Amino acid sequence: MTASTKLITASEKQGGKQSANKKNEAKDEKGKKGEPSKMKKVTKWVMRALDTGVEALRAEYRSLARYTLPDVTYEAFKANHEAGRNRYQDVPCQDQNRVILTWPGAPCDYIHANYVGTPVSDKRFICTQGPLDGTITEFWMMVLQEESQTIVMLCNCIETVYVS
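According to the UniProt record's numbering, the sequence shown holds residues 1 to 164 in order.
Following this line, the structure appears as structure tokens:
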């Protein structure tokens, strides 16, 4: 017997009146303007993940990781790869959204960094590689140029044998 079944049973014993919890559940199920509620969306997402299984989710992730938009180019990334300015060959920097380094004294305008947009702003945050020994100065130039207020590192300090 589920919790909602117990609520219905309890309300039936009280003369058919719905409990406050049941009324709140009904409100949550409706959502706004006919949209599914947040709880229904979360439940649907979790159920899909459980039904799909770990291996299928990994395969889906791998296929999405290779996806690129048709009009995206990587010319600056390619031009700077031989100069040792890119950590990984398979993580390109997009020309259309790249941060162009304009800080005085910068050795060039390239840094492996892209603006990432949201519905609020086209340049909401910057996604960049961890600086390499030869790009640490350019990394801090970018931080100052873009007036970054927060830096978040989303990788391990040591990946395989390389220090990030």
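Built from N, CA and C at the ideal position, the CB exists for glycine as well.
Remember, it's a predicted structure, so these values are computed and weren't measured experimentally.
Counted within 10 angstroms of its Cβ, other Cβ atoms place LYS6 as buried (16 or more) or exposed: Confidence at LYS6 is low in this model, with a pLDDT of 40, below 50, so its placement is unreliable and the value that follows should be read with caution. The residue is exposed, with fewer than 16 neighbouring Cβ atoms inside 10 Å.
CA-to-CA distance, LYS44 to LYS38, given in whole angstroms: 10 Å
Inter-stretch contact at 8 Å, needing at least 3 Cβ pairs: the region 83-94 / the region 127-136: yes
Beta-carbon proximity check, ASN97 vs TYR74, cutoff 8 Å: no
Where the beta strand (DSSP E) through THR128 begins and ends: 125-128
Run of the beta strand (DSSP E) containing ALA113, from where it starts to where it stops: 110-116
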